[in-house]
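*Asks:* Heads up: the sequence shown runs through residues 1 to 525, numbered per full-length UniProt numbering.
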Amino acid sequence: MKGKKVNAKDEKGTNQIIQRKEGKSFVKPKGAQDSFTPPKSSGKSNKSLPSKLQSNMESSLGHDFSNVGIHTNSEKAVQMNARAFTQGEQVHFAPGEFNPSSTSGKNLIGHEFTHVAQQRAGVVKPTKVLQKGVAINDNKGLESEADNFGQKAARGEAVSKYRSSSLGIRSSLRTAQAKSNVVQMAMQETNFGKFYDDTYALTSGAGGRRGLDIILRFEPKNTVDAELIGLTQTHHAINNGTPFYLNSDNFYKGHAIQSGDATNLPDQGVSNEGTHIDRLKARNNPIYGSRIMNAGETLKDTPLDNNTTANPTKVGLTKLDPTSNATYQLGYNYTDAGGTHKNKAAILSDAPSVGSVNMSSNSSQIFETTALAIKGNHEGTYYGSVRWGWKTNAKGLHSIIPFKVLTKELPSPTFMKAAKIWNNSKNSAGADTLDLPVQWPATIHNTPLAALRTGKSVASQILADIPRGATLTVLNDSSNWLHVQLDKTQPGIILNSHGRAAVMSGNLIRGYVSRSLVNKDASYI
Numbered sequence: 001m002k003g004k005k006v007n008a009k010d011e012k013g014t015n016q017i018i019q020r021k022e023g024k025s026f027v028k029p030k031g032a033q034d035s036f037t038p039p040k041s042s043g044k045s046n047k048s049l050p051s052k053l054q055s056n057m058e059s060s061l062g063h064d065f066s067n068v069g070i071h072t073n074s075e076k077a078v079q080m081n082a083r084a085f086t087q088g089e090q091v092h093f094a095p096g097e098f099n100p101s102s103t104s105g106k107n108l109i110g111h112e113f114t115h116v117a118q119q120r121a122g123v124v125k126p127t128k129v130l131q132k133g134v135a136i137n138d139n140k141g142l143e144s145e146a147d148n149f150g151q152k153a154a155r156g157e158a159v160s161k162y163r164s165s166s167l168g169i170r171s172s173l174r175t176a177q178a179k180s181n182v183v184q185m186a187m188q189e190t191n192f193g194k195f196y197d198d199t200y201a202l203t204s205g206a207g208g209r210r211g212l213d214i215i216l217r218f219e220p221k222n223t224v225d226a227e228l229i230g231l232t233q234t235h236h237a238i239n240n241g242t243p244f245y246l247n248s249d250n251f252y253k254g255h256a257i258q259s260g261d262a263t264n265l266p267d268q269g270v271s272n273e274g275t276h277i278d279r280l281k282a283r284n285n286p287i288y289g290s291r292i293m294n295a296g297e298t299l300k301d302t303p304l305d306n307n308t309t310a311n312p313t314k315v316g317l318t319k320l321d322p323t324s325n326a327t328y329q330l331g332y333n334y335t336d337a338g339g340t341h342k343n344k345a346a347i348l349s350d351a352p353s354v355g356s357v358n359m360s361s362n363s364s365q366i367f368e369t370t371a372l373a374i375k376g377n378h379e380g381t382y383y384g385s386v387r388w389g390w391k392t393n394a395k396g397l398h399s400i401i402p403f404k405v406l407t408k409e410l411p412s413p414t415f416m417k418a419a420k421i422w423n424n425s426k427n428s429a430g431a432d433t434l435d436l437p438v439q440w441p442a443t444i445h446n447t448p449l450a451a452l453r454t455g456k457s458v459a460s461q462i463l464a465d466i467p468r469g470a471t472l473t474v475l476n477d478s479s480n481w482l483h484v485q486l487d488k489t490q491p492g493i494i495l496n497s498h499g500r501a502a503v504m505s506g507n508l509i510r511g512y513v514s515r516s517l518v519n520k521d522a523s524y525i
């Protein structure tokens, strides 16, 4: 991940990092009791890891973590757009991310302490360099290993018997600390996959041009069952505090959320007026990077990529990598008819910037990117979304917006509102646009148990009984029988034999529920 400028002397040449007073803590010495008080550098009491968690990780990974520094509420993590990052013997957590009392918090801690072990083993080498020479390692093998071993370590499960292709950890790990100036950071995870910002850096030019470069990757989990996954996104631009449209073109304004339908976005300090699906006006396919689709084609017909060469597809930005030959590729995760498991990441590269007007103050470009199954058993399922972009403040400071998960499943209400506008639009040549799924979350109410059925009538086969309070996604609301999708592992859901046979990968099941039994999330259209 890339972030705002980081003081180079803080991040390279030595493992000694300048630390803020607030939020600093240390791991307890091996074998210490709960009463242990960590070293003080600010005259204030500091936090420490729970004894059980530290003991679990030390016994699991075979390392003494007594001298590892932990920095909670880390401004550096925020600057680097990371939930957490590790450099040598120092682990930084962004505000709200250090939570040793929750399972997800323990897993993140385990992930980062696995990075400590990897760096001690001397296997972590720079894979890219940020501004001012800050070295980053984003090796997929090491990240996957940190996910796997970190969860086991948090539980105290020995990892010495596990092996991985990255060679990051072995039962014979060297315990001597290796000098490391390489930073490793956690990805952004949804219920169905992981988003990575393989490139994320600010750009600027004359006349107040501001922007950034990004290569964004979505790695689907094995719970996904999709033969094609595309990335689609919304764009929201502000110039001097008011909505701005590409090249000041009213075509884009007419295809965006209007002021009368806009809602405030408290976390951004503006409304969502002007938000629209991010495609050039000649395009009629919402999947980022895809070509103009012909009459009769659907999202399933979206090409795998836009590589026009005979070389293997390499998504990137040619100004940074002349060997790149595509701006997108579709992903997938499924098992084919022959029983072969197939997995591929969905990727896009983008270089959004505005130079037709001066964007040097009180301006921004903000994006929400979501992964969507466009073919396969999960067709029409959204796999979560991330927010990213840049902004300038009143003083002209140009900064990156943290690359962060916005939703775990359905994209935001703003995205859905923009999708509905897109669906009702045509491209600049008058061709119909290919529809995006417009969906909303809901809960069962007004009845102790609702029937999930195979069809749109009480005469259709029952698949399951769904209790009051169960959550579901409404896929289609065009009739009084709603087509819905839900996670069958929710408490109280009872599947019969027909329902068990209908369950898809990821514990998802689809069917129909009477509209009268469903309570809509009011934040969605």
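We treat Cβ as the ideally placed atom computed from N, Cα and C, and that holds for glycine.
Only a predicted model underlies this, so the values are computations on that prediction, with no experimental measurement involved.
Which value, in whole angstroms, describes the spacing of the CA atoms of Leu280 and Asn191?
*Replies:* About 30 Å.
*Asks:* Check the DSSP bridge columns for Arg210 and list the partner residues they point to.
*Replies:* According to DSSP, Arg210 bridges with Ser204, Val354.
*Asks:* Can you have a look at Asn107 and say buried or exposed, based on whether 16 or more other CB atoms are within 10 angstroms of its CB?
*Replies:* Buried.
*Asks:* Rounded to whole angstroms, what's the CA-CA distance from Ala117 to Ala451? Just pull it up for me.
*Replies:* The alpha-carbon atoms of Ala117 and Ala451 are separated by roughly 51 Å.
*Asks:* On the DSSP letters alone, give me the boundaries of the alpha helix (DSSP H) that His111 sits inside.
*Replies:* Looking at the DSSP string, the run of the alpha helix (DSSP H) that includes His111 is 103–120.
*Asks:* Identify the continuous alpha helix (DSSP H) that holds Gly389 and give its terminal residues.
*Replies:* Per DSSP, Gly389 belongs to no alpha helix (DSSP H); it is in the beta strand (DSSP E), 382–392.
*Asks:* Identify every residue that forms a DSSP beta bridge with Leu216.
*Replies:* Per DSSP, Asp197, Leu348.
*Asks:* If you draw a straight line from the alpha carbon of Trp440 to that of Met416, how long is it in whole angstroms?
*Replies:* Looking at the two C-alpha atoms, the distance is approximately 8 Å.
*Asks:* Of the residues Asn393, Thr392, Tyr382, Ala394, which one's Cα is nearest the Cα of Thr407?
*Replies:* It is Tyr382 whose Cα lies nearest to the Cα of Thr407.
*Asks:* The beta strand (DSSP E) spanning Gly69 covers which residue range?
*Replies:* Where Gly69 is concerned, the enclosing beta strand (DSSP E) stretches over 69–71.
*Asks:* Kindly list the residues whose CB is nearer than 6 Å to the CB of Ser364, restricted to its own chain and excluding five residues on each side of it in sequence; keep chain order.
*Replies:* Answer for Ser364: Ile238, Lys391, listed in chain order.
*Asks:* Give me, in chain order, the residues of the same chain whose beta-carbon lies closer than 8 Å to that of Val513; leave out the 5 immediate sequence neighbours on both sides.
*Replies:* Excluding sequence neighbours, Val513 sits near Ile444, Ala450, Ala451, Leu452, Arg453, Ile466, Leu472, Trp481, Leu482, Val484.
*Asks:* Return the residue from the list Leu231, Arg120, Ile70 that minimises the CA-CA distance to Pro100.
*Replies:* Of the listed residues, the one whose Cα sits closest to Pro100 is Ile70.
*Asks:* Does the pairing of the region 194–205 with the region 218–227 give three or more beta-carbon distances under 8 Å?
*Replies:* The answer is yes - the region 218–227 touches the region 194–205, with three or more Cβ pairs under 8 Å.
*Asks:* Grab me the residues of Val91's own chain with a C-beta within less than 6 Å of its C-beta, minus the 5 sequence neighbours each way, in chain order.
*Replies:* Taken in chain order, the residues that qualify are Ile70, Glu112.
*Asks:* Start and end of the beta strand (DSSP E) containing Pro402?
*Replies:* First-last of the beta strand (DSSP E) with Pro402: 398–407.
*Asks:* Do Thr114 and Phe149 have their C-beta atoms within less than 8 Å of each other?
*Replies:* Yes; because the gap between Cβ atoms is below 8 Å, this pair is in contact.
*Asks:* On a CA-only basis, which of His341, Thr203, Ala326, Ser324 is nearest Tyr332? Give me that one, please.
*Replies:* Checking every option, the nearest Cα to that of Tyr332 belongs to His341.
*Asks:* Rounded to the nearest angstrom, what separates Asp147 and Ile462 at their Cα positions?
*Replies:* Each residue's alpha carbon lies about 39 Å from the other.
*Asks:* I need the DSSP call for Gly150, collapsed to helix, strand or coil.
*Replies:* Gly150: helix per DSSP, three-state reduction.
*Asks:* For a test of the three-state rule: what should DSSP assign to Asp432, helix, strand or coil?
*Replies:* Correct three-state label for Asp432: strand.
*Asks:* Taking 8 Å as the threshold (C-beta atoms), are Ala464 and Ile421 in contact?
*Replies:* Cβ atoms of Ile421 and Ala464: not closer than 8 Å.
*Asks:* Distance check for Ala158 and residue 537, CA to CA, integer angstroms please.
*Replies:* There is simply no residue 537 to check, as the chain begins at 1 and stops at 525 in what is shown.
*Asks:* Could you check the C-alpha separation between Lys488 and Lys300 for me, to the nearest Å?
*Replies:* Cα to Cα, the separation comes out at about 27 Å.
*Asks:* Of the choices Asn67, Ala256, Glu273, Arg83, whose alpha-carbon is the least far from that of Asn423?
*Replies:* Closest by alpha carbon: Ala256.
*Asks:* Give me, in chain order, the residues of the same chain whose beta-carbon lies closer than 7 Å to that of Gly241; leave out the 5 immediate sequence neighbours on both sides.
*Replies:* These residues qualify, in order along the chain: Asn362.
*Asks:* Short of 7 Å in beta carbon distance, which residues of its chain neighbour Val270, apart from the five on each side in sequence? Order them along the chain.
*Replies:* For Val270, where only same-chain residues beyond five positions count, the Cβ hits under 7 Å are Ile238.
*Asks:* Once you ignore the five residues that flank Asn507 on each side, which residues in its own chain have a CB closer than 6 Å to its CB?
*Replies:* Excluding residues within five positions, the ones whose Cβ falls inside 6 Å are Asp487, Lys488, Thr489.
*Asks:* Name the two residues that bound the continuous alpha helix (DSSP H) containing Thr335.
*Replies:* No alpha helix (DSSP H) contains Thr335, which is instead part of the beta strand (DSSP E) from 331–335.
*Asks:* Quick check: Thr234 and Ile287, are their CB atoms within less than 8 Å of each other?
*Replies:* No.
*Asks:* Can the beta-carbon of Gly156 be found closer than 8 Å to that of Ser60?
*Replies:* Cβ distance < 8 Å, so Gly156 and Ser60 count as in contact.
*Asks:* Over what stretch of residues does the alpha helix (DSSP H) that includes Pro413 continue unbroken?
*Replies:* Per DSSP, Pro413 belongs to the alpha helix (DSSP H) from 413–423.
*Asks:* Tell me the DSSP secondary structure of Lys314 in three-state form.
*Replies:* Note: Lys314 maps to coil in three-state DSSP.
*Asks:* Buried or exposed for Gln329, going by 16 or more other Cβ atoms inside 10 Å?
*Replies:* Classification for Gln329: buried.
*Asks:* Could you tell me the distance, in whole angstroms, from the CA atom of Gly119 to the CA atom of Lys152?
*Replies:* The question names Gly, but residue 119 is Gln in the sequence shown. Roughly 18 Å between the two C-alpha positions.
*Asks:* Taking the C-alpha atoms as reference points, what is the distance between Val78 and Gln188?
*Replies:* Taking the straight line from one Cα to the other gives about 13 Å.
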